[in-house]
Every structure is written in C-alpha cells, then in structure tokens.
Amino acid sequence: MKVALSSADSFVAPYIMEMLGDSLVEIPDDKLDDPASLDALLTPCNTLIHINSRPVDSSVARDDRESYIIMREKARPILDAVDRHGSLHMIILGTLRVHPQWEPGEEYYGYDSTLAPRDVAAEGQLWIEENALERAEAERPVSVIRASNVQGVPLSGPPGMGYSTERASRARWDGSTSGDGTQSEGHGPCPGPCESSRCRTKGTTSN
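What follows is the structure, encoded as structure tokens:
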C-alpha cells in the first residue's frame with residue numbers, strides 16, 4: 012500500500028512522513044502543474060493525505076486574501092488528480108478554525124457544528140473541504156479531520172510552540188495555557204504558592 016502526501020508543511024508533515032516510511036509517496040509542489048507526472052506519482056497509491064493548512068510562505072498572513080488564492084490554486088490540481096485516479100481515499104487534515112471560536116459553556120465541536128471560518132485562510136480550508144466532498148463517490152471516499160491546536164517540537168529545526176509552552180509552564184505563567192487557573196498544568200511539580208499577580212497556580216500546588 013502506498014500513501015501520497017500533498018501540500019506538506021514543515022511541522023505536521025515530517026511526522027507523517029516518518030511514520031509512513033517506505034509507503035510514502037510525497038507530492039512536490041513543482042508537480043502540480045504537470046498532470047501526467049502527478050498521475051504517475053498517484054498511480055500506486057490508494058490513499059492521499061492532503062495537509063489543509065495555511066500557505067507555507069510565512070510572508071502571507073492568515074487574513075491576507077492571497078492566502079485563500081494560494082490554497083485554492085494548489086488544491087485544484089490535487090482534486091482533479093483524485094478524480095482521474097478514480098479509487099483514492101482522500102484524507103484532508105485541517106483545523107477547527109473553519110468553526111466559530113469555542114466559548115465555555117458551549118457544546119463541543121461535532122459533525123453538525125456551525126461553519127463560520129475565523130479568517131481568510133480558514134475560508135480557503137473550507138473551500139477545499141467542500142469541493143472535495145462534492146466530488147466524493149463510493150470508490151473514492153473523502154475523510155475530513157479537523158484537528159485542534161497542535162503544539163509540539165519539530166523533528167528538525169528550531170524548537171516549536173510546545174517548547175515555548177513547556178518553558179513558560181516552568182515559570183508558572185503562560186497566557187495561552189488552558190484550564191481555569193486552579194491547578195498547575197502538570198509539566199512538573201509546582202514549587203509552591205507564588206506571589207505574582209499573574210501566576211495561574213497562585214496558592215496551589217501540583218499533585
């Protein structure tokens with residue numbers, strides 16, 4: 012079994028590549044304008060994973076209209092190639108940003124949650140999802156995975172957000188840390204009550 016990977020980013024994709032090993036068929040961006048080469052790469056595959064994230068080009072912001080155009084134009088050749096192949100299971104790996112921001116007390120996200128992209132890049136993500144689902148058939152199904160915020164350490168390169176979060180937790184303060192502030196985040200024992208007005212573990216200790 013061969014699994015194709017398209018629109019690879021620099022964070023999530025390397026982990027997928029490592030796990031797939033010899034089963035991986037990477038689809039480079041320079042093949043998107045060459046249908047024959049794209050078809051040849053996909054021929055031995057029965058699954059395609061498409062990383063449905065914002066453009067890799069960091070100079071294009073999430074709210075920049077250019078991000079929508081880039082995402083759409085890079086996805087079109089992939090969607091067309093899936094049609095031509097005829098029997099690929101397309102897995103779209105996206106984010107929850109196609110839904111409104113969740114607020115405490117609301118229902119958790121589900122298959123029937125409201126679709127309201129939070130920014131331009133999320134509009135692009137939703138466009139790709141909807142176009143893929145419209146083309147889906149029994150012999151070429153489409154699965155959409157909308158992941159929550161993913162943090163961690165890249166396989167290579169500088170430390171990622173996970174590293175920053177871990178460092179911040181040691182200082183007992185991180186403005187993006189989840190929870191109600193009554194307990195420490197579990198990254199290690201809290202040394203005790205902190206007198207800082209910004210400490211989220213003030214007056215508490217870790218179990």
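With the numbering used here applied, the sequence shown covers 12 to 218.
By construction, the Cβ of each residue, glycine as well, lies at the ideal position given by its N, Cα and C atoms.
The model shown is predicted, which means the values in this text are computed figures rather than measured ones.
Y120 and W113 do touch by the CB rule: their CB atoms are close to 7 Å apart, below 8 Å.
Under the three-state reduction of DSSP, H110 is assigned to coil, being neither helix nor strand. For E148, the secondary structure class from DSSP, reduced to helix, strand or coil, is strand.
The continuous alpha helix (DSSP H) containing A47 extends over residues P46 to L53. Under the criterion of beta carbons closer than 8 Å, V155 and E140 qualify as touching, at roughly 5 Å.
Distance from the CA of S70 to the CA of T106, rounded to the nearest whole angstrom, comes to 20 Å. Between N57 and the set V14, S167, S124 and I103, the nearest pair of CA atoms involves V14.
Around the beta carbon of Y79, a 10 Å sphere encloses 16 or more other beta carbons of the protein chains shown; the residue is thus reported as buried.
Between the region 124 to 143 and the region 32 to 47, the count of Cβ pairs shorter than 8 Å is below three; the stretches do not touch.
Here DSSP, grouped into helix, strand and coil, assigns N57 to strand. With 16 or more other Cβ atoms inside 10 Å of its own Cβ, N63 counts as buried. Taking the CA atoms as reference points, E134 sits about 20 Å from D91. Inclusion of H110 and S124 in the CB contact set at 8 Å is warranted, their separation being smaller than that value.
Bridge partners of K42 according to DSSP: none are assigned. Non-local beta-carbon contacts of S34 in its own chain, meaning distances under 8 Å to residues more than five positions away in sequence, involve M12, K13 and V14 in chain order. Of I38, R73, L31 and L59, the smallest CA-CA separation from H100 is found for L59.
When secondary structure is reduced to three states using DSSP, M101 falls in the strand class. Note that the C-beta distance between R73 and V131 is below 8 Å. In the same chain as I81, and ignoring 5 residues on each side of it, the C-beta atoms closer than 8 Å to its own belong to P66, D68, V71 and G135, in chain order. Leaving aside the five residues that flank L52 on each side, the residues in its chain whose CB is nearer than 8 Å to its CB run, in chain order, A15, V36, I38 and K42.
The three-state secondary structure of L166, taken from DSSP, is coil.
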